[in-house]
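Chemist: Below you will find the structure I want to go over with you.
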Amino acid sequence: MRRTVLYVLLVSAWAVTCLAQAQGDLPDLTKMSLEELLELEIVTSTRNVKKLRDAPASAAIITASDIEEYGYRTLDEALRSVTGLYVANDRNYTYLGVRGFLIPGDYSNRVLLLIDGYRVNDPAYHSPTLGYLLPVPMEAIKQIEVVKGPGSALYGSDALLATINIITKDGADLSAAAVKGEGGNKSTSRSVLSYGKKLSPQSDFVASGLFYQTNGDAVVKSPGIADIHDADAEQSYLGFGKFRYGDLALSVSGSHRSKDVPTGSFSTLTQKGTSTLDEYVFTNLRYYHAFDSTKNLSVSTSYNTYDYDGHYLIAGPLDSRDQLRSSWSRSELQFQWDTTTRNRFMLGGAYDRAFKVKQRVFDAVSGDTLNINTPTWSWGVFVQDQLSVTPDLDLVLGSRFDEYRDSSNAATYRAAAVYRPVKDTTLKLLFGTASRAPTLYELFYADGATLVANPHLKLEMITTYEAEIVQRLPGGIEGTLSVYKYKFHDLLSQVGIGGGQLQYQNIGSSKAKGLEIDFRKRWSQGLALHLGGIFQKARDGNGATRTNSPSSILNIGVVVPIFSKRHTLALDLQYLSSRKTLIGGDTGESSVTTVNFRSRDVFGVKRLDFTAAANNLFNERAFIPGGNEHRQDLIPSPTRTFLFGLEFRF
Amino acid sequence: MSVHARVTRGSLLLLLLAGWSLPIWEGYAHSEKLSASEHQIKAAFLYNFVQFIEWPASAFKDAHSDFSLCVLGDDPFGTALERTIGGKIVKGRRLAVKRSGRLHDLTDCQLMFISSSERDHLTKTLDLLAGSSVLTVGDTDQFAHLGGMINLYVEENKVRFEINPQAAERSGLKISSKLLKLAKTVPGTSGK
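First to last, the sequence lines map onto chains A and B. The numbering used here puts the first residue of the first sequence at 77, with every later residue one more than the last. The numbering used here puts the first residue of the second sequence at 79, with every later residue one more than the last.
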C-alpha cells in the first residue's frame, strides 16, 4: 500500500510539472506548406499520434483498401500481412504469434485487441476475438492499427506483445447499403449486409452483419492418429451497429460461432462429436468532447458478456461439458491536453468489474467436477506526456499503475525517443514494460483429469528494448529496419507436473531478440508491393528454442491492376521456417499463398463488384505444433478453399 | 515484483522527473505538429488555396473590402475555421468567414465552401455560381466532376484535393501551376 501511495505521489508530481508548461499557444497549420499538409495524417484515435512513420512505437496500419484488395476475410488473415506476425489454426480456434512468441495453450492472451478504443479481451481467458469471433465484419473496418511491443503503460493488462486497435467505418464512409454474397468449395458461404448513412451533421448510423458457414475439410489427417471425417464444420453469425449523436456514441456488437473439432483434443474420441460454441456481446457508450482544438475528454462505459460451451465426446455417447458464463463492465476516462504546440499530455483511468465468471465442468455420470464463480475487479490510472524537444526530436514518457482483486499490482512504463535528423529519415528508440494478470482460467480451472488449478500465480512481466529506422528510399519506397530485445519475467506457461497432469506456472524467464525489415511502395497506377521479413531467436529459461517460434518469416504482398484500377489481382504470401513442436520435433517449413481478384462495375452494372479468391492456393500440406491438449504433435492446416462472390451497393 | 523490475522502475521515475522538469527550449519555429483533425487540415488547405489562386479585381467590391470565405449549408468545420484561419490577412485583405444555409444570403463571396449537406441540389447550386468569380470548394464525392472547382477528399488517412481547371477558368480564376501539380485533375463536364 505504501508503495502505491509513493507511486501515485511521484506520478502526480510529474503530471504537475508537465501541466506547468501549459502556455496555450495553438498549432498553426497555416504556416505549413501544401506539401506538408498533404503528408499530415488525420487523427482518429485519441491515444495515438497518427503520423505513422513518426509514431513513437513500432506500428503498422492496414487500411480498408488493403482489406478490399487483398480480400482479407478475417482479422487474422489481415494481421498475418504485418511483418513479424503469424497465425496458427488448431482447427478449433485461431491464435496470433508475435515476434516468435505463440505459446501453446495461451489463447493469444498476450495480445490486446481494441475495437474503436474499447477492450475486447474477456476476463476469463483474456483472449482477443480472432477468426469469425470478431464481432465486426472485415468489410466494416476502416483501419487496423497494429503496435508491436508492450502497450501496458497505456492500456494495462495483456498488452505484452502487441496492441491492435480496429477503427470501424462510420455511416459517412458507407453512405449506402451493400449486399455481398460469396460461395465456394467445402460448402462454404459468406454473406455480408451493411448499411450506413450520415443522418445529419450531428448524427451518424452504421450497421453491418455477417453469416459464415463451411463444412471444412471432409477428412483431417493428422500424423500419428486416425483420420477424422466430417468434423471440421464452422458456422458463425456476427454483427455490429454504431449510432452517434453529437458527442455521444453507442455501439452494440456480438458474435456467435460454433466449430466442430477434428483433432481429438482434450482426450476426446477421434471422431465427429466434439464441438465448441462461443458467444460474445459488447455494448459500449462513449462520450467524447473536444473543448477546443487542444483539449479533449473521452468517457466510456461498457457492458459485455462472453459465454462458452464445449461438448467433448469422451467415450461412447458420454459428453463431457465445459462451460463459461461471464459478464463484465469497464468504465474509462481519458483526458488529452496539448498544453503547447510541442507538448501533449494525457491522463486516464479505468475500472473493470467482472460481475460473473462461472467456470463449470460436468457430465451426466459424475455431475459437476468444477463449478465456481470468481467475480473480479481491477482499476488502473495512466499518464503520458509527449514533448517535442526540438522540431526534430520527440520524447514520450508514460506510466500506468494497475491493481487487481488479490491486491497484486503492476506499474508499467514506456519511454520513446523519435528523432528526424534529415527529412527522409526517422530514428526511434523504444523502451517498454508490460504486465499480465493471470487469467481466471489459469488460476482456477481444473477439469478433474488433466488440468490442475494454481491459485497462487503471480503477474507476468515483459521488458523490451527496440531501435527502429524508418527511411524513405529513392523511388518513394518506405523502408523500415528494427532490432529488438525482449525479456519475460515470471512467464506463465502450462507445465507437466507428472501423472499426465498439467498446471499453469510462472516458469521463469524467456528471452528473445530479432531483426525486422520491411519495404513498401504504392504506385499511383494502383500497383502496390510489400516485402517484409523477421529473423529472430526466442529462448526459454534454459536457453532452448521456444516451441512454435519460427526463426524466420517472410511476407510478400503484391497488388497488380489489370488494364485499369477497376480490376486488381492481389497475392499475399507468407513463408515460415520450421518450428519446434512440444515434444521436440519440427513442423518443417511452410508457406501459405492467398490470391484475390476483384473487378468493379462488372456485367455493365455500376456498383456491382465481382471477387474470386483462393486461400492456400497451391494446396500445400502445412502443419502447426499441437498444444498439450492435443494427441498429435502436428496439426495439419486447412486445405485449399475457393470463394467467388458478388457485391452490390445501392 | 522482481528486483530487476524495481530497479528499472526507480531509475525510470528519476529520469522522468529530471527530464520533464528541465526548462524547455524556446525560440525556434515549430514547423510541424504531428497530427490534426480532418477539418483543421481542410481549413488549412482552404487558406493555402487562396494563396495560389488569382482572382480578377472585379471579384471584390473595392480595394478595402474583406476576403470573404463563405460556408453554404451545415458547417462541418465547427470552430476549426475561425481557429485555424480566422482573422488572417490574405492578399492584403482581412479574411472574414460567413455562413448560411441559403445561397442568396451569401453575397460578395470569393471562396464558397459547399457543404456535403447540399449534396442533393449540388448541380443547381454550381450552375447558379458558374461564371461569377467565386472559387467553389467542397468535400462531397463527385463534387469536381459535377463542375465544382476544388474537391477535398480523404485517402489513406490524409487529405487530398482534386481540381477541375476548366470550371475555374470559366470563372476567370487563375490557378497556379504549383497547385495544379499537387492536385489530381478532373476533366470538366461539357456545357457548364
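Positions of the beta carbon are idealized from the N, C-alpha and C atoms, including for glycine. Since this is a predicted model, take the numbers as computed values, not measurements.
1) DSSP on Lys-613 (chain A), reduced to helix/strand/coil?
2) Name the DSSP beta bridge partners of Pro-637 (chain A), please?
3) What span of residues does the beta strand (DSSP E) with Asp-701 (chain A) cover, start to end?
4) Taking the alpha helix (DSSP H) that Asn-36 (chain B) falls in, what are its first and last residues?
5) Given this structure, state the Cα-to-Cα distance separating Val-634 (chain A) from Thr-663 (chain A), to the nearest angstrom.
6) Of all Cβ atoms in chain A, is any one closer than 8 Å to the Cβ of Lys-236 (chain B)?
7) In the DSSP assignment, find the beta strand (DSSP E) that holds Arg-161 (chain B) and state where it starts and stops.
8) Can we say the segment 585–601 of chain A touches the segment 562–572 of chain A, given the rule of at least three CB pairs closer than 8 Å?
9) Hey, out of A:Phe-726, A:Glu-111, A:Asn-672, A:Ser-378, whose CA is closest to Asp-192 (chain A)'s CA?
10) Would the segment 520–536 of chain A count as touching the segment 496–504 of chain A if we require 3 or more Cβ pairs under 8 Å?
11) Closer than 9 Å by beta-carbon distance: list the chain B residues that pair up with Pro-637 (chain A), in chain order.
12) Classify Pro-265 (chain B): buried if its beta carbon has 16 or more other beta carbons within 10 angstroms, exposed otherwise.
13) Say whether chain B places a C-beta atom closer than 8 Å to the C-beta of Phe-720 (chain A).
14) Taking any Cβ of chain A, which residues in the segment 229–261 of chain B have a Cβ under 8 Å from it, in chain order?
15) Considering only residues of the same chain and omitting the five flanking positions on each side of Ala-107 (chain B), which have a CB-CB separation below 7 Å?
16) Below 8 Å, can you find three or more Cβ-Cβ pairs linking the segment 651–671 of chain A to the segment 620–627 of chain A?
17) Give me whichever residues DSSP pairs with Gln-399 (chain A) in a beta bridge.
18) For the beta strand (DSSP E) containing Ile-545 (chain A), name the first residue and the last one.
19) With 9 Å as the C-beta to C-beta threshold (strictly closer), list the residues of the segment 344–370 of chain A near chain B in chain order.
20) Taking the alpha carbon of Lys-230 (chain A) as the reference point, which residue from A:Thr-717, A:Asn-691, A:Leu-719, A:Phe-421 has its own alpha carbon closest?
21) Looking at chain E, which residues of the segment 118–133 of chain B have a Cβ within less than 7 Å of any of its Cβ atoms?
22) I'd like the list of long-range same chain contacts for Ser-327 (chain A), defined as Cβ closer than 6 Å, with 5 residues on each side in sequence excluded.
23) Can you tell me the Cβ-Cβ gap for Phe-20 (chain A) and Trp-404 (chain A), rounded? I've got them flagged as a contact below 8 Å.
24) Which same chain residues end up closer than 8 Å to Leu-258 (chain B) when comparing Cβ atoms and leaving out the 5 residues on each side of it in sequence?
25) For Leu-557 (chain A), which option in A:Leu-503, A:Ile-143, A:Gln-601 has the closest C-alpha, if you only look at C-alpha atoms?
26) Please determine, among A:Arg-716, A:Ile-301, A:Val-357, the residue with the shortest C-alpha to C-alpha distance to Tyr-313 (chain A).
27) Rounded to whole angstroms, what is the Cα-Cα separation between Ser-341 (chain A) and Thr-450 (chain A)?
28) Hey, would you say Ala-302 (chain A) sits closer than 8 Å to Thr-350 (chain A), going by beta carbons?
29) Tell me the residue span of the alpha helix (DSSP H) that contains Lys-256 (chain B).
30) Are any of the Cβ atoms in chain A nearer than 8 Å to that of His-108 (chain B)?
31) Using beta-carbon positions only, say whether Ser-193 (chain B) and Leu-150 (chain B) come within less than 8 Å of one another.
32) Taking C-beta pairs closer than 8 Å, name the residues in chain A that Pro-154 (chain B) reaches, listed in chain order.
33) Nearest-angstrom Cα distance between Pro-550 (chain A) and Gly-160 (chain A)?
34) Buried or exposed: which applies to Pro-199 (chain A), given that a residue is buried once 16 or more other Cβ atoms fall within 10 Å of its Cβ?
35) Looking at the unbroken beta strand (DSSP E) that takes in Phe-458 (chain A), where does it start and where does it end?
36) Leu-568 (chain A) and Pro-514 (chain A) look like a contact to me (Cβ under 8 Å); what is the Cβ gap, rounded to whole Å?
Modeler: Result, derived from the coordinates:
1) strand
2) A:Thr-644
3) It is Pro, not Asp, that sits at residue 701 (chain A) in the sequence shown. Counting along the chain, the beta strand (DSSP E) containing Pro-701 (chain A) begins and ends at 699–701.
4) No answer is possible for residue 36 (chain B): the residues shown for chain B start at 79 and end at 270.
5) 27 Å
6) yes
7) No beta strand (DSSP E) holds Arg-161 (chain B); the alpha helix (DSSP H) holding it covers 158–163.
8) yes
9) A:Ser-378
10) no
11) Those within 9 Å of Pro-637 (chain A) in chain B number zero; the least Cβ separation is about 16 Å.
12) exposed
13) no
14) Val-232, Glu-234, Asn-235, Lys-236, Val-237, Arg-238, Lys-256, Leu-257, Leu-260
15) Model confidence at Ala-107 (chain B) stands at a pLDDT of 29, short of 50, so the residue's coordinates are unreliable; what they give is reported in the following sentence. Answer for Ala-107 (chain B): no residue qualifies.
16) yes
17) A:Asp-385, A:Arg-436
18) 536–549
19) Ala-366, Asp-368, Ser-369
20) Note on identity: in this sequence residue 230 (chain A) is Leu, with Lys being the wrong assignment. Among A:Thr-717, A:Asn-691, A:Leu-719, A:Phe-421, the Cα nearest to that of Leu-230 (chain A) is on A:Phe-421.
21) Structure shown: chain E not included; protein chains present are A and B.
22) Lys-318, Asn-360
23) Not covered by the structure: residue 20 (chain A). The range shown for chain A is 77 to 726.
24) Ile-241, Pro-243
25) A:Leu-503
26) A:Val-357
27) 26 Å
28) no
29) 255–260
30) Bear in mind that the predicted position of His-108 (chain B) carries a pLDDT of just 32, short of 50, making it unreliable; the figure below should be weighed with that in mind. His-108 (chain B) counts as touching chain A.
31) yes
32) Pro-277
33) 25 Å
34) buried
35) 452–466
36) 6 Å
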